[in-house]
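Protein chains in written order, with the working numbering: chain A, 9 to 437; chain B, 6 to 299.
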């Protein structure tokens, strides 16, 4: 029954391929590529445009770029296609899917495909901070494409009102707590405006990575088989986060919703928020006040994790297909195209020379916040990604939320998360 | 001759059953059996194929704190939603069954929550509950009461989910009660009036018993829904904070599609299926005896 269904679907696919083939008889290689869209806006059109540009320049390759939902959907679809024998040759997927894909033996390392010195140099042309999530076991498996990071948005009007310099956002933890206190506005017992909000639902681990990096620790090793949740500096970072609510009183206690935080900021219920660069365009469009964007504050150093999607090439593909895939990826990540993509989406330019292009240079001059994410890249680290990544991430998420809601102390919560993570990761060492 | 006639009848009967049987087997029985089978294996990857592990997955489950948390939450969720939503449905049905102006409008507005997609509704309720800017806090603020971080507090988050579920469900159950009420013959009421029965007595001894079959049906649906209805969690809380609002089915989804641990997800599914089967059988066996069917 199921194999029949498969055959039927394969037949349909073949028919579609034949139909499409008629219109472009020059196609020698045909590529299927899945890609996710995780932020608002008509991004599918942008991708279609970029792919059309590629086909114009490379008439011997035909590319089917298929929009596959969010990051989770894209991974499930690509892996399902792989199992059904109708695999894609390349895809954009979550940068943190790396270990999962390696464990499924689904992808090839770029080092095994590149041949010329030119290509080898290309592998080194991206920001190192963006490459961390794509490299392990001494090889490069993912090429950065749609990448973001966390930045600090602040309300300049609120800063003026509180007697603070609107051009001096908090540069370190102490300043953020002190300024936060001045920014809190109360009428009676009721808080009308909070000082700071750091979201703690949806992606708490991501925010926490920033805090622990700032305190001088990363949360996992490069092989993806060890985590460091219970190191003293990490516990201290969580203490600081919890303390913003319970001790300093600049942040509401309990967890803060990721999805409604932007609205809180726009309605001036908080003077500072930490959020993804992906919100830049929406805040720019809807803010009724003067706002600024700054790098996250430092404790021992500055720091933020990166996030977003990478290109992967699948193992189940012929050498010709792999060569064509490489050509496509090189095209889409070239400085000009990376600049075009960054301007259209708000994602970062993935390589230094993209910011040297005229288009992006001009854009950054007109809208300086766009450069903050780039400048912060120097201090960036990989997004949390290990073997058993879903489970490990959830352990950390639960620990953070338990600490923020006061049901466990940071030390206790992180200690037990570390113990359980160790149990999961032991067999990968 | 007679023998072959009955054999033909058998073939004929089976042919009539075949389409339904194929669908049932393909989409209900086979997946159930496959789930049970899979729960005895480890989750395989390309590098480590699945292996038979016996009851290991079940033993792991017994030690899994999150599992016990979601079971506890699910029991509270069921206890909170089922009686209240049935009671409200009942009252609403009696209310809109009587003579009142704009009856159609009242019925429609009670039923509206049912036809709205849960995901869309949850997005609206997210803003009801959100601290400071939310509707709930603004209403409280108008009375001078302090706001609260409803979804961010483990003590209130499950209550918030329960209220949303009741709001969503009650209108649906009301429809069944309304239909049942309209099939109660009016001569019973006339006869009771002639005998001098009070309205409360009539309700207790006539209406309520006549509605028992509907109540059983609604109750079974409510129990199933209390295990099945998890869409709101995706939008409102993602099971947080610290699993305080996570329910069994949501946890199964997480295990299957976020952790990619199909074997353990299958194990949890078997437990869910068993629990539901036991509850449904119990309800039929115990309540059936006490129900008056016409």
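Every residue gets a Cβ at the ideal spot worked out from N, C-alpha and C, and that includes glycine. Since we're looking at a predicted model, the values are computed, not measured.
Under the Cβ distance rule, residue 164 (chain B) does not count among the residues neighbouring chain A, no pair being separated by less than 8 Å. Residue 20 (chain B) has a beta carbon lying at 8 Å or more from every beta carbon in chain A. Taking CB atoms only, residue 260 (chain A) has a neighbour in chain B less than 8 Å away. With a 10 Å radius around the Cβ and a threshold of 16 neighbouring Cβ atoms, residue 113 (chain B) comes out exposed.
For residue 415 (chain A), at least one C-beta of chain B is nearer than 8 Å to its own C-beta. With fewer than 16 other CB atoms across the displayed protein chains lying within 10 angstroms of its CB, residue 77 (chain B) is exposed.
Taking 8 Å as the threshold, the shortest C-beta distance from residue 272 (chain A) to chain B falls below it. Here residue 255 (chain B) is not near residue 245 (chain B), since their CB atoms are 8 Å or more apart. In this structure, DSSP gives residue 250 (chain A) a helical state, which the three-state scheme calls helix.
Contact check for residue 290 (chain A) against residue 39 (chain A) fails: the beta carbons are separated by 8 Å or more. B:247 is the residue among B:266, B:284, B:247 whose C-alpha sits nearest the C-alpha of residue 70 (chain B). For residue 296 (chain B), no alpha helix (DSSP H) run applies, since DSSP gives it neither H nor E. Annotation: Cβ neighbours of residue 138 (chain B) in chain A (cutoff 8 Å, chain order): 268, 271, 272, 275, 277. Shown in chain order are the members of the segment 199-211 of chain A whose Cβ falls below 7 Å from a Cβ of chain B: 209, 210. Within chain A, the residues placing a beta-carbon under 7 Å from that of residue 158 (chain B) are 262, 413, ordered along the chain. For residue 69 (chain A), there is no enclosing alpha helix (DSSP H); the enclosing beta strand (DSSP E) covers residues 69-75.
At least one CB of chain A lies nearer than 8 Å to the CB of residue 131 (chain B). Boundaries cannot be given for residue 231 (chain A), as no alpha helix (DSSP H) includes it and DSSP labels it neither H nor E. For the segment 246-266 of chain B, residues whose beta-carbon sits nearer than 8 Å to a beta-carbon of chain A comprise 246, 247, 248, 249, 259, 262, 263, 264, 265, 266. Annotated as distal: residue 303 (chain A) and residue 161 (chain A), with beta-carbon spacing of 8 Å or more. Residue 264 (chain B) sits close to residue 399 (chain A), with the two beta carbons spaced by under 8 Å. Against residue 84 (chain A), the close residues of chain B are 262, in the order they occur along the chain (beta-carbon pairs closer than 8 Å). Under the Cβ distance rule, residue 146 (chain B) counts among the residues neighbouring chain A, one pair being separated by less than 8 Å. In this structure, DSSP gives residue 412 (chain A) a helical state, which the three-state scheme calls helix. At a C-beta separation below 7 Å, residue 50 (chain B) has these neighbours in chain A: 111, 112.
Using beta-carbon distances, residue 219 (chain B) does not count as an interface residue toward chain A, since no partner is under 8 Å. Proximity of the segment 228-237 of chain B to the segment 277-291 of chain B meets the contact definition, three or more beta-carbon pairs being nearer than 8 Å. According to the DSSP assignment, residue 200 (chain A) belongs to no alpha helix (DSSP H) but to the beta strand (DSSP E) extending over 198-205. Look at residue 410 (chain A): its C-beta is under 8 Å from a C-beta on chain B. Taking a Cβ-Cβ cut-off of 8 Å, residue 77 (chain A) has no neighbours in chain B, whose nearest Cβ is about 12 Å from it. With a contact defined as Cβ atoms closer than 8 Å, residue 435 (chain A) and residue 384 (chain A) miss out at about 36 Å. Within the DSSP secondary-structure output, residue 39 (chain A) pairs in a beta bridge with A:71.
By the neighbour-count definition (other C-beta atoms within 10 Å, threshold 16), residue 212 (chain A) is a buried residue.
Considered as a whole, the segment 198-237 of chain B harbours 204-207, 213-233 as its complete alpha helix (DSSP H) runs of no fewer than 4 residues, in chain order. Distances from the CA of residue 62 (chain B) to each of B:50, B:294, B:200, B:273 were compared; the closest alpha carbon is that of B:273. Chain order gives the chain A residues near residue 151 (chain B) as 197, 198, where near means a beta carbon separation below 8 Å.
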